[in-house]
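Asker: Numbering-wise, full-length UniProt numbering puts 86 at position 86 of the sequence shown, and it's gapless, one number per residue.
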Amino acid sequence: MSTPHGTPPAPAEGGLLARATNIRCVYGGGEKDFTAVDGVSLELRDGEILGLAGESGCGKTTLGNALAMIATPPLYILSGTLEIDGESIDLSTLSVADLARHRPYRGRTVSMLPQGAMNSISPTLRIRNLVVDVMRAHDRRFSPDEALDLARDRLKMLEMPVRVLDSYAHQLSGGMKQRMITVISTLQNPRLLIADEPTSALDVSSQRMLVEMLLAMVEQRIMSGVVFVTHDLPVLSQVSDQLAIMNAGRIVETGPTRQLVEEPQHDYTRTLLSSVLDPSEETRRRGRARRRAEGTAGRETPGHDPSGRGTTGQDAPTRDEEVGTR
Ligand SMILES: Nc1ncnc2c1ncn2[C@@H]1O[C@H](COP(=O)(O)OP(=O)(O)OP(=O)(O)O)[C@@H](O)[C@H]1O
Ligand SMILES: [Mg+2]
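#1: If we call anything under 9 angstroms between Cβ atoms a contact, is His231 one with Lys60?
#2: Mind checking Asn247: buried by the 16 CB within 10 Å criterion, or exposed?
#3: Taking its Cβ as the centre, do 16 or more other Cβ atoms sit within 10 Å of Val96, making it buried, or is it exposed?
#4: Would you check whether ligand 2 has a heavy atom nearer than 8 angstroms to the C-beta of Gln178?
#5: Is Ser56 close to ligand 2? I mean its beta-carbon at under 8 angstroms from any heavy atom of the ligand.
#6: Taking the straight line between their C-alpha atoms, what separation do you get for Arg309 and Asp196?
#7: Quick one: grab the DSSP three-state call for Asp98.
#8: Cutting at 8 angstroms between CB atoms, please list the residues of its own chain near Met118, excluding the five before and the five after it.
#9: Just how far apart, CA to CA, sit Asp203 and Glu31?
#10: Between the segment 163-171 and the segment 121-135, can you find at least three pairs of beta-carbon atoms closer than 8 angstroms?
#11: With distances taken Cα to Cα, identify the nearest neighbour of Gly116 among Leu236, Arg258, Val239, Val229.
#12: For Gly39, which residues from the same chain have a beta carbon less than 6 angstroms from its beta carbon, with the 5 sequence-adjacent residues on both sides left out?
#13: Over what stretch of residues does the beta strand (DSSP E) that includes Val37 continue unbroken?
#14: If we ignore side chains and look at the alpha-carbon of each, how far apart do residue 386 and Ala18 end up?
#15: For Thr7, which residues from the same chain have a beta carbon less than 6 angstroms from its beta carbon, with the 5 sequence-adjacent residues on both sides left out?
#16: From Leu94, Thr62, Tyr76, Asp98, pick the residue whose C-alpha is nearest to that of Pro114; which is it?
#17: Spatial neighbours of Ser92 within its chain, please: CB distance less than 7 angstroms, with the 5 preceding and 5 following residues excluded, ordered by chain position.
#18: When the Cα of Val261 is compared with those of Gly249, Arg250, Pro234, Arg286, which residue comes out closest?
#19: Does Asp153 pass the burial test, meaning 16 or more other C-beta atoms within 10 Å, or should it be called exposed?
#20: When the Cα atoms are used, what is the spatial distance from Ile222 to Thr186?
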């Protein structure tokens, strides 16, 4: 599949898709620069999903912005290269000229699905207008009709309801909004998608639909690889081929997901895994006691929410069907 304005052929599946080397980022402008990413190197194979995990504030979004070449002051990339598609791109942004140098790669070579993006769409905007705005912001050569044709084809390919294009953002559930933003941010068939916390604000059912859609997109070669950023290790361990664990601006451990989850080598990885995947006996005991007190013991099952509002108190999963019948 290629865009009307051409996309270079995808490299063979299984080979190296991208290699980032020695990325260093600082937030400047204050009294003292703050180093948020401190010499990170990463590799991603073609066709794979790399999970980037680490606690809040460790630098995941900053690293994602550097890779997607969308850093703007006060964030400066002091050093770093990204090898992708046979090119070696200098990621550093120390001047305005550097920002312009990266423009051709944005959205096309690397696309960013920003953290919290679904909350930043104006509720009164029709999705079709969002499609046109985003596509034309990347490439003025897209006419509105071309952009919409592309979006319709993509939705059909992903078995999603085309009529969502006519909806206003406020009519869509959180899950559908997030899937639409994912579709829109990959319309140019980027080599690499950086998905920053794409599932964090979603209920369990919407999380599953988004993850399945991302997997289908990689299988269908819409993009050749994904860096999936989240602090949600259970989600990552299901979706990622490789994991990279980040702490205080550095990658402390990388490896195949299963190996890293089963045999973590680094103390920080062990702490992160145990804090998420293995609640302490005290926590379990208190949870059981509370459920007994509420008379709900044994009734909770993953993916089932008696309130119908999802685990985060967001939209009920059924709203997708209300808006999105084909
Ligand atoms: N605009 C900014 N100016 C100064 N410091 C910033 C700015 N944005 C982020 N930081 C700092 O950089 C560090 C890394 O932030 P970043 O947003 O990359 O973390 P994160 O791992 O994505 O966190 P989260 O999981 O909460 O999204 C944090 O210490 C944060 O306070
Ligand atoms: Mg973040």
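No residue lacks a Cβ here, since even glycine has one placed at the ideal position from N, Cα and C.
Answerer: Let me lay it out:
#1: yes
#2: Counting of Cβ neighbours within 10 angstroms places Asn247 among the buried residues, the total reaching 16 or more.
#3: exposed
#4: no
#5: yes
#6: Only weak support exists for where Arg309 lies, its pLDDT of 31 falling under 50; the value from the coordinates is given anyway. Cα to Cα, the separation comes out at about 23 angstroms.
#7: helix
#8: Gly174, Lys177, Gln178, Ile181, Ala201
#9: Rounded to the nearest angstrom, the two C-alpha atoms are 41 angstroms apart.
#10: yes
#11: Val229
#12: In its chain, beyond the 5 residues on either side, Asn22, Arg24 have a beta carbon closer than 6 angstroms to the beta carbon of Gly39.
#13: 34-45
#14: Limits of the chain in this structure are 1 at one end and 326 at the other, which puts residue 386 out of reach.
#15: Here Thr7 scores only 48 on pLDDT, less than 50, and its place in the model should not be relied on; the value that follows carries that caveat. Cβ neighbours of Thr7 beyond the five flanking positions: Asn189.
#16: Just measuring C-alpha positions, the residue of Leu94, Thr62, Tyr76, Asp98 sitting nearest Pro114 is Thr62.
#17: So the qualifying residues of the chain are Ile77, Leu78, Ser79, Gly80, Asp98.
#18: Pro234
#19: Within 10 angstroms of the beta-carbon of Asp153 lie fewer than 16 other beta-carbons, which makes it exposed.
#20: 7 angstroms
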